[in-house]
DNA sequence: ATCATACTTCGATGATATCCGAAGCATAAA
DNA sequence: TTTATGCTTCGGATATCATCGAAGTATGAT
């Protein structure tokens, strides 16, 4: 038996699609909480927990515990380099469903960040909402103006209902591709949800990038003054 | 779900120890028959056949049918590079299962990586070529100087012919044992080939470590200023 | 104090992959 | 033609693993 360093243990970890998705989500270099990684992988938190435990035990990822959150990140650059090399192989295989560049530009254009909008679209929507005086950005949260309350209610947000939940309502989230703030929290999720139910956006199956439909393009332009170049 | 290129499919293939052993056996660049790969992996021919079929379908290996034998080899250099990168990760992991300490020192001294030289020898040769002004290391490739062109032509490299091939000509490959760059690509392969045909190097049968012959030792010292301690 | 959130452990289930014996096919040697 | 060799397919036993529901711990918010 020829035994290099035990490559197969490392490879087996990345052989599971759920774990691959998690690690890919961490390739940007940001530390992400377990729930978001679960969402990225399309599995329940229990399953994600089991996967993260294995990745952690193998030393592929590290964790920072901050309050009740655990932020996971890639353990070192060698791991990222190995994954890049594997992507190189995979992208040259006879099964190139989608080029990485395409995917990446799509991701930068519009994507979900857990449950709210991110990318250029997320920033643009947040800017537009602020420009129209619906929200006011503060260091830790967005304040919703009276006009904003009317507007969001019209969008289908139930303020009474939302405020019952203990979740943070509307707070700024830093975008890795835009390096700008966009709106997260339950209001951000509600906005994203409103966009989905109106058919303005569709999820791409394979990643977090989003498709802006024709009606979405029209509505964004008319109602928000947003015109995103493709 | 975040899906890079089908990295997990590739990883899953290498996640099985039997397949890993086979691929590692092919890392030396030689084409090997199925039975030998079965032996290397410690499985029966039936099992090996099934594994080889999968590796073949995924495009990781190619096959030459010669009589009743089938000779398998790695499909391309990208695959070897990815495996090297994975070995880099694995060798830094806290996994002290050193089963092959004896072979490992030989591997560290001189070995082939798919089709070019690696280990201390590979790094030393690359350093020597750079020190003599034959090649210039850039982030993504080695540039060949005018003097280098003359030198490599003398070594038997046909530049016109090589450049016709689609393969990358000369690029830096990170070595898992030395953590230094060495020269890969078709030029790296040509150099290794020149060393073999001159009788400076011999392949060891059981792995991809190399024996430096007496004439090789002399030639390396005189022509490249390389003196590797055993 | 009370509730919500973030994450974990445990247990059961179902899906999948490895593995080898038996048998078959193809080529080469006798 | 007969026999041996290299390799493959088939079938079924076994083992492993991902997955999620249920239930638990810990932290934070109110």
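Residue numbers (our numbering), protein chains in the order written: chain A, 1 to 230; chain B, 231 to 460.
For each residue, glycine too, the CB sits at the ideal point set by N, CA and C.
These numbers were taken from a predicted model, which means no experiment stands behind them.
Figure out for me which residue from A:151, A:124, A:60 has the closest Cα to the Cα of residue 13 of chain A.
Residue mapping note: residue 13 of chain A aligns to position 13 of the first chain, counting from 1. Among A:151, A:124, A:60, the Cα nearest to that of residue 13 of chain A belongs to A:60.
Answer yes or no: does any C-beta atom of chain B fall closer than 9 Å to that of residue 2 of chain A?
The residue given as residue 2 of chain A occupies position 2 in the first chain. Because the pLDDT of residue 2 of chain A is 47, which lies under 50, any placement of that residue in the model is unreliable, and the question is left without a value.
Does the beta carbon of residue 242 of chain B sit closer than 9 Å to a beta carbon anywhere in chain A?
Stepping through the second chain from its first residue, residue 242 of chain B is reached at position 12. So, interface residue.
Is it the case that the region 426-442 of chain B contacts the region 257-269 of chain B, given that we only count it when at least three CB pairs across the two stretches are under 8 Å?
As far as the Cβ criterion goes, the region 257-269 of chain B touches the region 426-442 of chain B, which means the pair count is three or higher.
Give a yes or no on whether the C-beta atoms belonging to residue 106 of chain A and residue 117 of chain A are separated by under 9 Å.
Against the first chain, residue 106 of chain A aligns to sequence position 106. Against the first chain, residue 117 of chain A aligns to sequence position 117. Not in contact: residue 106 of chain A and residue 117 of chain A (Cβ atoms no closer than 9 Å).
Using a Cβ cut-off of 8 Å, pull out every chain B residue sitting near residue 63 of chain A, in sequence order please.
One-based indexing of the first chain puts residue 63 of chain A at position 63. Neighbours of residue 63 of chain A on chain B: none; closest Cβ ~16 Å, over 8 Å.
What residues from chain A crowd round residue 316 of chain B, counting only those whose CB sits closer than 8 Å?
Mapped onto the second chain, residue 316 of chain B falls at position 86. What residue 316 of chain B touches in chain A: 7, 10, 11, 82, 85, 86.
Is the CB of residue 181 of chain A under 9 Å away from at least one CB in chain B?
Position 181 of the first chain holds residue 181 of chain A. So, not an interface residue.
With H, G and I counted as helix, E and B as strand and the rest as coil, what does DSSP make of residue 145 of chain A?
Position 145 of the first chain holds residue 145 of chain A. Coil at residue 145 of chain A, not helix or strand.
Using C-beta distances below 8 Å, list every residue in its chain close to residue 364 of chain B, excluding the 5 sequence neighbours before and after it, in chain order.
Here residue 364 of chain B refers to the residue found at position 134 when the second chain is read from its first residue. Around residue 364 of chain B: 374, 375, 377, 378, 381, 382.
Here's the rule I'm using: 16 or more other beta-carbon atoms within 10 Å means buried, otherwise exposed. How should residue 138 of chain A be labelled?
Against the first chain, residue 138 of chain A aligns to sequence position 138. With fewer than 16 other Cβ atoms within 10 Å, it is exposed.
For the beta strand (DSSP E) that contains residue 112 of chain A, what are its first and last residues?
Translated into positions along the first chain, residue 112 of chain A becomes position 112. Segment 111-113, the beta strand (DSSP E) holding residue 112 of chain A.
Should residue 90 of chain A be flagged as near chain B, meaning a C-beta pair shorter than 9 Å?
Position 90 of the first chain, counting from 1, holds the residue named residue 90 of chain A. So yes, residue 90 of chain A belongs to the interface.
Mind checking residue 274 of chain B: buried by the 16 CB within 10 Å criterion, or exposed?
For this step, residue 274 of chain B is matched to residue 44 along the second chain. With fewer than 16 other Cβ atoms inside 10 Å of its own Cβ, residue 274 of chain B counts as exposed.
According to DSSP, simplified to helix, strand and coil, what is residue 125 of chain A?
Residue numbering aside, residue 125 of chain A sits at position 125 when the first chain is read from its first letter. Reduced to three states, the DSSP call for residue 125 of chain A is helix.
Is residue 233 of chain A close to chain B, meaning its C-beta is less than 9 Å from at least one C-beta of that chain?
With chain A running from 1 to 230 in the structure shown, residue 233 of chain A is simply not present.
If distances are taken between C-alpha atoms only, which option among B:388, B:246, B:405, B:454 comes closest to residue 272 of chain B?
If you number the second chain from 1, residue 272 of chain B lands on position 42. Here the closest residue by C-alpha is B:246.
Assuming residue 314 of chain B contacts residue 403 of chain B under a Cβ cut-off of 8 Å, what Cβ separation, rounded to an integer in Å, is found between them?
Position 84 of the second chain, counted from the first residue, corresponds to residue 314 of chain B. Position 173 of the second chain, counted from the first residue, corresponds to residue 403 of chain B. With a Cβ gap of about 6 Å, residue 314 of chain B and residue 403 of chain B count as contacting.
Quick one: what's got a C-beta closer than 6 Å to residue 318 of chain B's C-beta in the same chain, skipping five residues either side?
Indexing the second chain from 1 puts residue 318 of chain B at position 88. 406.
Using C-beta distances below 8 Å, list every residue in its chain close to residue 233 of chain B, excluding the 5 sequence neighbours before and after it, in chain order.
Along the second chain, one-based indexing puts residue 233 of chain B at 3. Below a pLDDT of 50, predicted positions are generally treated as unreliable, and residue 233 of chain B, at 49, falls in that range; the measurement from the model is reported next regardless. Taken in chain order, the list of residues that qualify is empty.
Distance check for residue 459 of chain B and residue 302 of chain B, CA to CA, integer angstroms please.
Looking up residue 302 of chain B in the second chain gives position 72. Looking up residue 459 of chain B in the second chain gives position 229. Going from the Cα of residue 302 of chain B to the Cα of residue 459 of chain B covers about 34 Å.
Assuming residue 443 of chain B and residue 431 of chain B make a contact with CB atoms under 8 Å, what is their CB distance in whole Å?
Mapped onto the second chain, residue 443 of chain B falls at position 213. Mapped onto the second chain, residue 431 of chain B falls at position 201. About 7 Å separates the two Cβ atoms, so the contact holds.
Taking any Cβ of chain A, which residues in the region 244-270 of chain B have a Cβ under 8 Å from it, in chain order?
244, 245, 246, 247, 249, 250, 251, 254, 255, 257, 270
Flag this pair as yes or no: are the beta carbons of residue 186 of chain A and residue 160 of chain A separated by less than 9 Å?
As a working mapping, residue 186 of chain A is identified with position 186 in the first chain. As a working mapping, residue 160 of chain A is identified with position 160 in the first chain. In this structure, residue 186 of chain A lies away from residue 160 of chain A, with their beta-carbon atoms at least 9 Å apart.
Look at the alpha carbon of residue 32 of chain A and the alpha carbon of residue 424 of chain B, and state the distance between them as a whole number of angstroms.
Locating residue 32 of chain A in the first chain gives position 32, where the first residue counts as 1. Locating residue 424 of chain B in the second chain gives position 194, where the first residue counts as 1. One C-alpha to the other measures close to 50 Å.
Using the three-state DSSP reduction, which class does residue 74 of chain A fall into: helix, strand or coil?
The sequence position of residue 74 of chain A within the first chain is 74, counting from 1. Strand.
Compute the distance between the beta-carbons of residue 422 of chain B and residue 345 of chain B, then report whether it is under 9 Å.
Looking up residue 422 of chain B in the second chain gives position 192. Looking up residue 345 of chain B in the second chain gives position 115. Their beta carbons are under 9 Å apart, which means residue 422 of chain B touches residue 345 of chain B by this criterion.
In or out: residue 215 of chain A buried (at least 16 other Cβ within 10 Å) or exposed?
Along the first chain, one-based indexing puts residue 215 of chain A at 215. Exposed, by the Cβ-count rule.
Rounded to whole angstroms, what's the CA-CA distance from residue 414 of chain B to residue 398 of chain B? Just pull it up for me.
Looking up residue 414 of chain B in the second chain gives position 184. Looking up residue 398 of chain B in the second chain gives position 168. Near 9 Å, if we compare the C-alpha coordinates of residue 398 of chain B and residue 414 of chain B.
Taking just the CA atoms, how far does residue 304 of chain B sit from residue 310 of chain B?
By one-based count along the second chain, residue 310 of chain B stands at place 80. By one-based count along the second chain, residue 304 of chain B stands at place 74. Whole-angstrom Cα-Cα distance: 8 Å.
When burial is assigned at 16 or more other CB atoms within 10 Å of the CB, is residue 120 of chain A buried or exposed?
Position 120 of the first chain holds residue 120 of chain A. Buried is the call here.
Determine the direct distance from the alpha carbon of residue 90 of chain A to that of residue 236 of chain B, and round the result to whole angstroms.
Within the second chain, residue 236 of chain B is the residue found at index 6, counting from 1. Within the first chain, residue 90 of chain A is the residue found at index 90, counting from 1. Distance from the CA atom of residue 236 of chain B to the CA atom of residue 90 of chain A, rounded to whole angstroms, is 6 Å.
Using a cut-off of 7 Å between C-beta atoms, extract the partners of residue 79 of chain A located in chain B.
Taking the first residue of the first chain as position 1, residue 79 of chain A is located at position 79. What residue 79 of chain A touches in chain B: 319.
Is residue 366 of chain B buried or exposed, if buried means 16 or more other CB atoms sit within 10 Å of its CB?
Translated into positions along the second chain, residue 366 of chain B becomes position 136. The residue in question, residue 366 of chain B, is exposed, as its Cβ has fewer than 16 Cβ neighbours within 10 Å.
Indicate the three-state DSSP secondary structure (helix, strand or coil) for residue 328 of chain B in the structure shown.
Within the second chain, the letter at position 98 stands for residue 328 of chain B. Because the pLDDT of residue 328 of chain B is 44, which lies under 50, any placement of that residue in the model is unreliable, and the question is left without a value.
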